[in-house]
Ligand SMILES: C[S@@+](CC[C@H](N)C(=O)[O-])C[C@H]1O[C@@H](n2cnc3c(N)ncnc32)[C@H](O)[C@@H]1O
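In the numbering used here, the protein residues as written are 47 to 398.
Structure representation (structure tokens):
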């Protein structure tokens, strides 16, 4: 029996038979599957919706050099705790566009399911190709300086590649260049519960937050972070000092509205479903080729994926066919691969 269990988790249920993903999930599975529409989530609002303390654990990224990088990642049990503590009867809470999505998120944090098509697309967990992509970015960091560039991570989930980039920015001297990092996930609640907390955690443990760390008495446990007003202020201040603009978008790729062109377009573990490939590749192409301040051909477009996604039909062959099959397409080149065990690749796309 095929299993759709390609995430890297040590803290979640792994095994999901994709043929059963629409069963046994209560209310979320019976609701009509209407794709979520494109919405921008504002950083300040998301930070204000966080509880007063969050907990995290390190995740280790094996780097191309043979070294390892440890990045903080919010614990899923902590996200779950936030959701069950949220008073959904609170009229203010109901104003939040993602509150229904948050209810589903609670459901999927508990359910033994990796994803449910067009309801929850798996972003709460970290999938292993995201580590490959971060590792690949580390390997090319001397040739590709992200400072001052425009970066889009599509289907970011826990956003490991973007966390890697932010870790580098916050560990380097502040730059005069404005770096734009835009992140998209299907589910707004994924952005609120894991993407944005992971970003603030990455900042908090970086050199950029050293002064703040020294000035504040922090939580009793070293793996907890107090989300205080002073922390939010210091984080916003660092974003300005380091010239980082962060924007967050949720919703289906079918409805995605690009905010200009990008120099670096990243995506990992997103090519698993055939039906979604045309909209995904259209966004990638548009993000690289749209007219914009970056210069039309100044881009790097990277996709990290398993070669085969059993049970769902997608994979590298279908992705390459989708990209190379039309005049509007492009050329796919494998730039990194693992051929033993479950085969994985990082691919670079050049668009026509
Ligand atoms: C399996 S998760 C991978 C998450 C993350 N990139 C990683 O590697 O850990 C797939 C991601 O693709 C996005 N996604 C999948 N199908 C989508 C669709 N039709 N529209 C928008 N986003 C989609 C979701 O945001 C989801 O987080």
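Ideal Cβ positions, reconstructed from N, Cα and C, are used throughout, including at glycine.
All values derive from a computational prediction rather than experimental measurement.
In the DSSP assignment, residue 256 falls within the alpha helix (DSSP H) that extends over 256-261. Around the beta carbon of residue 241, a 10 Å sphere encloses 16 or more other beta carbons of the protein chains shown; the residue is thus reported as buried. No Cβ-Cβ contact shorter than 8 Å links residue 218 with residue 194. Judged by pairs of C-beta atoms under 8 Å, the stretch 205-212 touches the stretch 245-259, as three or more such pairs exist. Between residue 233 and residue 166 the beta-carbon gap is near 6 Å, inside 8 Å, which marks them as a contact. For residue 284, the uninterrupted alpha helix (DSSP H) run begins and ends at 275-287, by DSSP. The continuous beta strand (DSSP E) containing residue 394 extends over residues 390-397. Distance from residue 216 to residue 252 at the Cβ level is roughly 3 Å; contact confirmed, criterion being Cβ atoms closer than 8 Å. Cβ contact annotation for residue 152 (same chain, cutoff 7 Å, sequence separation greater than five): 126, 129, 130, in chain order. Taken in chain order, the unbroken stretches of beta strand (DSSP E) that lie wholly in the stretch 193-268 and span 3 residues or more are 196-200, 225-231.
The continuous beta strand (DSSP E) containing residue 294 extends over residues 290-296. By alpha-carbon distance to residue 102, the top candidate from 394, 239, 302, 310 is 239. DSSP, reduced to helix, strand and coil, places residue 171 outside both helices and strands of the structure shown, so it counts as coil. Under DSSP, residue 378 forms a beta bridge with 395.
If the five residues before and after residue 110 are omitted, its C-beta is found closer than 6 Å to the C-beta atoms of 181, 184, 185, all from its own chain and listed in chain order.
The beta carbon of residue 150 sits no closer than 7 Å to any heavy atom of ligand 1. Residue 350 is bridged by DSSP to 314, 392.
Taking each of 314, 318, 249 in turn and checking the Cα distance to residue 288, the smallest one comes out for 249. Note that the C-beta distance between residue 346 and residue 309 is below 8 Å. In this structure residue 230 touches residue 201 by the C-beta definition: roughly 7 Å separates them, less than 8 Å.
Between residue 312 and residue 197, the alpha-carbon positions lie close to 8 Å from each other. In its chain, beyond the 5 residues on either side, 53, 160, 161, 203, 315 have a beta carbon closer than 8 Å to the beta carbon of residue 168.
Within the same chain, Cβ atoms closer than 7 Å to the Cβ of residue 336 are found at 304, 306, 307, the five residues on either side in sequence being excluded.
Excluding sequence positions up to five before and after residue 325, its CB lies within less than 8 Å of the CB of 298, 299, 300, 302, all in the same chain and listed in chain order.
Between residue 124 and residue 107, the beta carbon gap of about 21 Å keeps them out of contact (Cβ cut-off 8 Å). The criterion of a C-beta distance shorter than 8 Å is satisfied by residue 361 and residue 353. Close CB contacts of residue 384 within its chain, under the 7 Å cut and outside five residues either way in sequence, are with 390 (chain order). Relative to ligand 1, even the nearest heavy atom lies 7 Å or more away from the CB of residue 178.
With a contact defined as Cβ atoms closer than 8 Å, residue 365 and residue 351 qualify at about 7 Å.
At least one heavy atom of ligand 1 falls within 7 Å of the beta-carbon of residue 236. The criterion of a C-beta distance shorter than 8 Å is not satisfied by residue 319 and residue 381. When C-alpha distances from residue 115 are compared across 175, 283, 209, the shortest belongs to 209.
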